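Trainee:
Residue numbers (the numbering used here), protein chains in the order written: chain A, 1251 to 1671; chain B, 4 to 275.
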């Protein structure tokens, strides 16, 4: 009797444990999927052509424009922008509206200064500054798709709104990738060397414990602190020194003594160093010590053992260290604001002019674009969705990197199994 | 051969008279002592390893067999806080002296570990590992690799899959591979630390056959707590207890007619 009850209780506990862990897993999946779905919806929807609607009001007026928001019994409609982009919003109460229709001959127009306006019938030859005209109500699905692609492309490259030139997502993406690549080139050799030294030489003593503790606590320092460090040490300290030494003729205009790609990459390298050191050292520690002793017993020096036996086996750990570093670096926007990220880079850090990479130049960054579009944009109803699309691209970048790392990691493991080392 | 009548508390080593009179000595230790931090592991050990013979080092677990072996190829130096005193003489030079480069020492004194520890490389590259460190290229490697694999009777089993991963071999094969890996460097002395510890009885017997054949090729020091194995394989036997070398004699005499009381207690199973 007692035993039966205990058994039943055990089974219930088992079911509860399985159920709650499954629920936790489901919640994680839901959150991850939810974030991506939200970003896809909110980031891409604004580029889909919205119908041009003609509202007829009870007082006889009629308003032509796109519905932007429908909330609390009122509609926010974007009508003609008279003087500048963003000044064409009209608020209509539901009670005022007599009728609404989507006239098939409605024309949406974009002016050279970025203003939008709407007309019925002909595009109107009276205004010479038109740069884009479309009859979106009459578009077929394929036509709408083409329109969507075109708007997305224009935004990605930049310059779909005046004053936005050079602020598109692609320059920001290029800036992000260049930055992360440069950071990797700096942090990976240093991090791997430090991990190797910790593991092989300083591992067991008190100094090893001290260094490991220091590296571990570096990982917990808020990223903005690294920005301050980068500003003080790299930009003003080293950069200022280089300017006084090499570019004295151009002072007080700074060359290196201002935020730039190189300083940002160095700052991010310092930021991601703890992750790299810890991950690579763990990878080295997973290799059984009998292998190291076996190699030493065959007359290999410590260096030869490391090079021929241990480091090749630590390759997957080095790879995951790199991915973790990149993931952390892509997400760290706060320190960049102090060391060189800009809303609009007058000269891209990579171009066709020798030496192709200009480490002293300022750059744009996807993470900063999210912040900039959401908060700094003059037109909130346009800016916030664009922040979503920048965020979507950022998330996609991280996902692609992770997937690539997973693939490369599996390839490495498979190859090690088939043709060891 | 008169037995020395010494009290059991004596800490000196009992060596049968004329034991090594007619054999060459490959390696000899003089007053070899070892400390880890403050703890003394080995106490002034004077051990002679006869050339082209098998010397079994027997003794209970924790008596210092592994530590003794690792003194002979200086592997103890990898342990933090280790201190060694005394001499290890090979061909008249002291292996412990600063003038002997440690990697050179380890090439001349090979070692096989208790658990098979093949590298995650191909069978071929495992055997070639030590030779590649000497800068040999593939053309010069084929012959010594084949020779080493034949010496451990592994060649016929793996000749058609030399590029297969060594980790795919059975534990018995892996251990023979580890021996081949050490033999490829043609060491003067081969240290074997419980080489059959992780093997099933069948592979273990197979390995003992192999050891008897290898005993004619180089000096072998076999540390084991398996007395039957020591009796079956070795020519000479040394009994170690608590870091002291108690007695050394030819294997038959040590097992049947030991000179010291502690040795008798141990080999007859009355130990502890």
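In this text, a Cβ means the ideal position worked out from N, Cα and C, and glycines have one as well. Small disclaimer: the values here were computed from a predicted structure and weren't measured.
Considering just the uninterrupted stretch of the alpha helix (DSSP H) at residue 1407 of chain A, what are its terminal residues?
Mentor: Per DSSP, residue 1407 of chain A belongs to the alpha helix (DSSP H) from 1391-1407.
Trainee: So who's on the other strand from residue 1315 of chain A, going by DSSP bridges?
Mentor: Answer is A:1303, bridged to residue 1315 of chain A.
Trainee: Please check if any C-beta of chain A sits within less than 8 Å of the C-beta of residue 300 of chain B.
Mentor: Not covered by the structure: residue 300 of chain B. The range shown for chain B is 4 to 275.
Trainee: To which residues does DSSP link residue 85 of chain B through a beta bridge?
Mentor: According to DSSP, residue 85 of chain B bridges with B:39.
Trainee: For the stretch 74-86 of chain B, which residues have a CB atom closer than 8 Å to at least one CB atom of chain A, in sequence order?
Mentor: Taking 8 Å as the Cβ-Cβ cut-off against chain A, the residues of the stretch 74-86 of chain B that qualify are 76, 78, 81, 83.
Trainee: Should the stretch 1546-1560 of chain A be called in touch with the stretch 70-82 of chain B, which here means at least 3 C-beta pairs below 8 Å?
Mentor: Flag = yes, the stretch 1546-1560 of chain A and the stretch 70-82 of chain B touch.
Trainee: Using a Cβ-Cβ cutoff of 7 Å, what residues of the stretch 114-129 of chain B are near chain A? List them in chain order.
Mentor: The residues in question are 114, 116, 118, 120, 122, 123, 124, 125.
Trainee: Along the chain, where does the alpha helix (DSSP H) containing residue 254 of chain B start, and where does it finish?
Mentor: Per DSSP, residue 254 of chain B belongs to the alpha helix (DSSP H) from 254-259.
Trainee: Tell me the rounded alpha-carbon separation between residue 43 of chain B and residue 240 of chain B.
Mentor: Distance between the alpha carbons of residue 43 of chain B and residue 240 of chain B: 23 Å.
Trainee: Once the 5 residues before and after residue 1367 of chain A are set aside, which same chain residues still bring their CB inside 6 Å of it?
Mentor: For residue 1367 of chain A, where only same-chain residues beyond five positions count, the Cβ hits under 6 Å are 1330, 1359.
Trainee: Looking at the C-beta of residue 269 of chain B, does it have a partner C-beta in chain A at a distance below 8 Å?
Mentor: With 8 Å as the cut-off, residue 269 of chain B does not count as an interface residue toward chain A.
Trainee: Name, in chain order, the residues that DSSP records as bridge partners for residue 1613 of chain A.
Mentor: Per DSSP, A:1591.
Trainee: Run through the stretch 1639-1663 of chain A for me and flag every whole beta strand (DSSP E) of 3 or more residues, listed as ranges in chain order.
Mentor: Listed in chain order, there is nothing to give.
Trainee: For residue 82 of chain B and residue 56 of chain B, what's the separation of their Cα atoms in angstroms?
Mentor: Roughly 30 Å between the two C-alpha positions.
Trainee: Expressed to the nearest angstrom, what Euclidean distance is found between the alpha-carbon atoms of residue 94 of chain B and residue 165 of chain B?
Mentor: C-alpha separation (whole angstroms): 36 Å.
Trainee: With a cut-off of 8 Å, does the C-beta of residue 1556 of chain A fall near any C-beta of chain B?
Mentor: Residue 1556 of chain A does not count as touching chain B.
Trainee: How close, in whole Å, do the beta carbons of residue 89 of chain B and residue 35 of chain B come, if the pair is a contact with beta carbons under 8 Å?
Mentor: Yes, they are in contact, since the Cβ atoms of residue 89 of chain B and residue 35 of chain B sit about 4 Å apart, within 8 Å.
Trainee: For residue 17 of chain B versus residue 262 of chain B, is the C-beta spacing smaller than 8 Å?
Mentor: In contact: residue 17 of chain B and residue 262 of chain B (Cβ atoms closer than 8 Å).
Trainee: Which of helix, strand or coil does DSSP assign to residue 212 of chain B?
Mentor: It is helical.
Trainee: Less than 8 Å between the C-beta atoms of residue 48 of chain B and residue 248 of chain B, yes or no?
Mentor: Yes. Within cutoff.
Trainee: Taking the alpha carbon of residue 1536 of chain A as the reference point, which residue from A:1559, A:1515, A:1514, A:1370 has its own alpha carbon closest?
Mentor: For residue 1536 of chain A, the nearest C-alpha among the options comes from A:1559.
Trainee: Answer with yes or no whether the minimum CB distance from residue 136 of chain B to chain D is below 8 Å.
Mentor: The displayed structure is made up of protein chains A and B, and chain D is not among them.
Trainee: Check for me: the beta strand (DSSP E) holding residue 194 of chain B runs from which residue to which?
Mentor: Where residue 194 of chain B is concerned, the enclosing beta strand (DSSP E) stretches over 192-196.
Trainee: Looking only at its chain, what residues have a beta carbon closer than 6 Å to the beta carbon of residue 1465 of chain A, apart from the 5 residues adjacent to it on each side?
Mentor: The answer, listed in chain order, is 1524, 1527.
Trainee: Please confirm if residue 1550 of chain A has its CB atom under 8 Å from at least one CB of chain B.
Mentor: So yes, residue 1550 of chain A belongs to the interface.
Trainee: Count the other CB atoms within 10 Å of the CB of residue 1265 of chain A; is the residue buried (16 or more) or exposed (fewer)?
Mentor: So residue 1265 of chain A ends up on the exposed side.
Trainee: Which two residues bound the contiguous beta strand (DSSP E) that contains residue 1360 of chain A?
Mentor: Start and end: 1356-1361.
Trainee: Please report the straight-line C-alpha distance between residue 103 of chain B and residue 97 of chain B, rounded to a whole angstrom.
Mentor: Their Cα atoms are separated by approximately 7 Å.
Trainee: I'd like to check one pair, residue 1592 of chain A with residue 1481 of chain A: are the Cβ atoms closer than 8 Å?
Mentor: No; because the gap between Cβ atoms is not below 8 Å, this pair is not in contact.
Trainee: The alpha helix (DSSP H) spanning residue 70 of chain B covers which residue range?
Mentor: Where residue 70 of chain B is concerned, the enclosing alpha helix (DSSP H) stretches over 68-75.
Trainee: Which residue or residues does DSSP assign as beta-bridge partners of residue 1351 of chain A?
Mentor: Looking at the DSSP assignment, residue 1351 of chain A forms a beta bridge with A:1304.
Trainee: So, for residue 1542 of chain A: in the same chain, excluding its five sequence neighbours on each side, which residues have a beta-carbon less than 8 Å away from its beta-carbon?
Mentor: Result list for residue 1542 of chain A: 1555, 1559, 1560, in chain order.
Trainee: Secondary structure at residue 1542 of chain A, three-state DSSP: helix, strand or coil?
Mentor: Residue state, collapsed to three classes: helix.
Trainee: Let me see if you follow: with CB-CB separation under 8 Å, is residue 1563 of chain A close to chain B or not?
Mentor: For residue 1563 of chain A, the answer is yes, since a Cβ of chain B falls inside 8 Å of its Cβ.
Trainee: Looking at residue 1522 of chain A: is its Cβ nearer than 8 Å to the Cβ of residue 1578 of chain A?
Mentor: Yes, these two residues count as a Cβ contact at 8 Å.
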